[in-house]
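Under our numbering, the final residue of the sequence shown carries the number 261; numbering is consecutive throughout.
For reference, the structure is listed below as structure tokens.
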Amino acid sequence: MVTQSNMPVEPGRYAKKQIMANDVVVRWSHGTRFRLVLELVRKHAGGKLLDYGCGDGTFLAMCYQEQLFAGMLGADVEQQQMDDCIKRFAAIPAIDFCMCRELASGKYDGSFDVITCMETLEHAVNLEEIMQHFRRLLSPKGVIIISVPIETGLTLSGKQIWRRVAGWRNIGDYKYFERYPVGDFLRMTFATANTNLPRPKHGPAGLEAYSHYAFNWRALRKLIAQHFVVERTQFSPLGFLGGFISSQAWFICRHKS
Numbered sequence: 005m006v007t008q009s010n011m012p013v014e015p016g017r018y019a020k021k022q023i024m025a026n027d028v029v030v031r032w033s034h035g036t037r038f039r040l041v042l043e044l045v046r047k048h049a050g051g052k053l054l055d056y057g058c059g060d061g062t063f064l065a066m067c068y069q070e071q072l073f074a075g076m077l078g079a080d081v082e083q084q085q086m087d088d089c090i091k092r093f094a095a096i097p098a099i100d101f102c103m104c105r106e107l108a109s110g111k112y113d114g115s116f117d118v119i120t121c122m123e124t125l126e127h128a129v130n131l132e133e134i135m136q137h138f139r140r141l142l143s144p145k146g147v148i149i150i151s152v153p154i155e156t157g158l159t160l161s162g163k164q165i166w167r168r169v170a171g172w173r174n175i176g177d178y179k180y181f182e183r184y185p186v187g188d189f190l191r192m193t194f195a196t197a198n199t200n201l202p203r204p205k206h207g208p209a210g211l212e213a214y215s216h217y218a219f220n221w222r223a224l225r226k227l228i229a230q231h232f233v234v235e236r237t238q239f240s241p242l243g244f245l246g247g248f249i250s251s252q253a254w255f256i257c258r259h260k261s
């Protein structure tokens, strides 16, 4: 288990809420996610990494621990988050941070051998734009590793029950989870790649984002496949059950030839 004592920097707020949470289920689910992505990126170590939607930089700190990449860049949309990362990672020159909007400058085009984007795209209101950015930023033989939550099928029922219980127990922010009308719940339970429900946006102008409500991982995979070759889809933390009872879907992608 990741603890405060074995992190190369002071843990950020997401690390404390997730992989260091007091609740064993939260800790196990998020810990499994990080173990899987480390396993995936080890196969492509040595070049430059972009962690798009890096949050508090937890994954970058893990990669630094293992000396996996020659250089790493974390990008996010929250200025306060990036300011905090720059401060906490100041003693690690191999890791830089920038705002996502700075990636459009052309400075980084074709620079990254690995792009990771975990638990981010479900919130994005500009998916087509992000796909175009990824196409520019990824090196010709690079790989993109994307993870998103599963909010369909039996998993949706399990998550909604868990969120209600976690809310009662005052775990994290689960008391704010969104409840589904019966019709929407049934549509998402039996969702296909073509299922598309209205999704409410939250946040101030210019920083609007979706919650997890009505997010459809199959529809996202269909969109990604329009821009990249999706070489493999896998699931965590119960990968052997496919997408039926797992929490996250993963897409391993490359440029189209």
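Positions of the beta carbon are idealized from the N, C-alpha and C atoms, including for glycine.
Quick one: is residue i buried, meaning 16 or more other Cβ sit within 10 Å of its Cβ, or exposed?
| i | result |
| --- | --- |
| G210 | exposed |
| E182 | exposed |
| W172 | exposed |
| D87 | exposed |
| S151 | buried |
| F232 | buried |
| A195 | buried |
| Q69 | exposed |
| E155 | buried |
| P15 | buried |
| L72 | buried |
| L141 | buried |
| G187 | exposed |
| V28 | exposed |
| V41 | buried |
| Q85 | buried |
Could you tell me whether any non-hydrogen atom of the ligand FAD is closer than 7 angstroms to the CB of residue i?
| i | result |
| --- | --- |
| A108 | The ligand FAD is not part of this structure, which contains no ligands at all. |
Going by DSSP, what residues sit across from residue i in a beta bridge?
| i | result |
| --- | --- |
| M192 | According to DSSP, which records beta bridges pairwise, M192 is partnered with nothing at all. |
| D55 | G78 and T120 |
| C257 | I148 and V234 |
| Q71 | According to DSSP, Q71 bridges with nothing at all. |
| A2 | Because residue 2 is not part of the residues shown, which for the chain are 5 to 261, the question remains open. |
| A213 | H206 |
| S240 | Q252 |
Please return the same chain residues whose Cβ sits closer than 8 angstroms to the Cβ of residue i, not counting the five positions on each side in sequence.
| i | result |
| --- | --- |
| R131 | Looking at the sequence provided, one finds Leu at residue 131 rather than Arg. The answer, listed in chain order, is L125, L224 and L227. |
| V234 | R225, I228, F255, I256 and C257 |
| L158 | T193, F248 and I249 |
| K260 | H231, F232 and V233 |
| C58 | L64, G78, A79, D80, C89 and F101 |
| S161 | T193 |
| R139 | H231, F232 and H259 |
| A128 | I134, A213 and Y214 |
| K205 | V129, E212, A213 and Y214 |
| M103 | A79, D80, V81, Q83 and M86 |
| G144 | The question names Gly, but residue 144 in the sequence shown is Pro. Excluding sequence neighbours, P144 sits near G114 and H259. |
| Y18 | G59, D60 and T62 |
| N200 | N220 and A223 |
Could you give the first and the last residue of the continuous beta strand (DSSP E) run that contains residue i?
| i | result |
| --- | --- |
| L142 | L142 to P153 |
Can you find the residues in the same chain that come closer than 6 angstroms, C-beta to C-beta, to residue i, ignoring five residues on each side of it along the sequence?
| i | result |
| --- | --- |
| M11 | A65 |
| T36 | S240 and P241 |
| R222 | A197 |
| R285 | What the structure shows of the chain is the stretch from 5 to 261, and residue 285 is not part of that stretch, so it cannot be assessed. |
| L44 | I149 |
| V30 | none |
| T7 | The predicted position of T7 is uncertain, since its pLDDT is 49 and thus under 50; a value taken from the coordinates is nonetheless stated next. Excluding positions up to five away in sequence, the list is empty. |
| D55 | F63, L64, G78 and T120 |
| A95 | none |
If you drop the 5 nearest sequence neighbours on each side, which residues of the same chain put their C-beta closer than 7 angstroms to that of residue i?
| i | result |
| --- | --- |
| H137 | L107 and A108 |
| G75 | K52 and A98 |
| P153 | E123, E126, H216, F219, S251 and Q252 |
| H48 | D117, V118 and V147 |
| K20 | none |
| R236 | I256 |
How would you write the range of the alpha helix (DSSP H) that residue i sits in, first residue to last?
| i | result |
| --- | --- |
| T199 | No alpha helix (DSSP H) contains T199, which DSSP labels as neither H nor E. |
| K163 | G157 to W172 |
| K226 | W221 to I228 |
Within 8 angstroms of any Cβ in chain D, is that where the Cβ of residue i sits?
| i | result |
| --- | --- |
| E155 | Included in the structure is just one protein chain, with no chain D present. |
Any alpha helix (DSSP H) of 4 or more consecutive residues that is wholly inside the region 75-107: With a minimum length of 4 residues, the continuous alpha helix (DSSP H) runs that stay inside the region 75-107 are 83-92.
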